[in-house]
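Numbering (this note's numbering), first residue to last: 137 to 174. The structure under discussion appears below in the form of structure tokens.
Written as structure tokens, this is what we have:
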């Protein structure tokens, strides 16, 4: 996955990315309340 992300970034911006960061998280697309503690 990392290699694919680097390739896509290069296609879009014409240069290599300097850093990549990943973090777990939740996304709620319909605006409901999210329990941030668990």
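Cβ coordinates follow ideal geometry from the N, Cα and C atoms, glycine included.
Check: In angstroms, rounded to a whole number, what distance separates the CA positions of residue 170 and residue 145?
Finding: Position 34 of the chain shown, counting from 1, holds the residue named residue 170. Position 9 of the chain shown, counting from 1, holds the residue named residue 145. One C-alpha to the other measures close to 31 Å.
Do residue 142 and residue 152 come within 8 Å of each other at the CB atom, strictly closer than that value?
Position 16 of the chain shown, counted from the first residue, corresponds to residue 152. Position 6 of the chain shown, counted from the first residue, corresponds to residue 142. Taking a C-beta distance under 8 Å as the contact criterion, residue 152 and residue 142 qualify as a contact pair.
*Between which two residues does the alpha helix (DSSP H) harbouring residue 138 extend?*
Residue mapping note: residue 138 aligns to position 2 of the chain shown, counting from 1. Unbroken alpha helix (DSSP H) run through residue 138: 138-149.
For a quick check, are the C-beta atoms of residue 156 and residue 140 less than 8 Å apart?
As a first step, residue 156 is located in the chain shown; it is residue number 20 there, counting from the start. As a first step, residue 140 is located in the chain shown; it is residue number 4 there, counting from the start. Annotated as distal: residue 156 and residue 140, with beta-carbon spacing of 8 Å or more.
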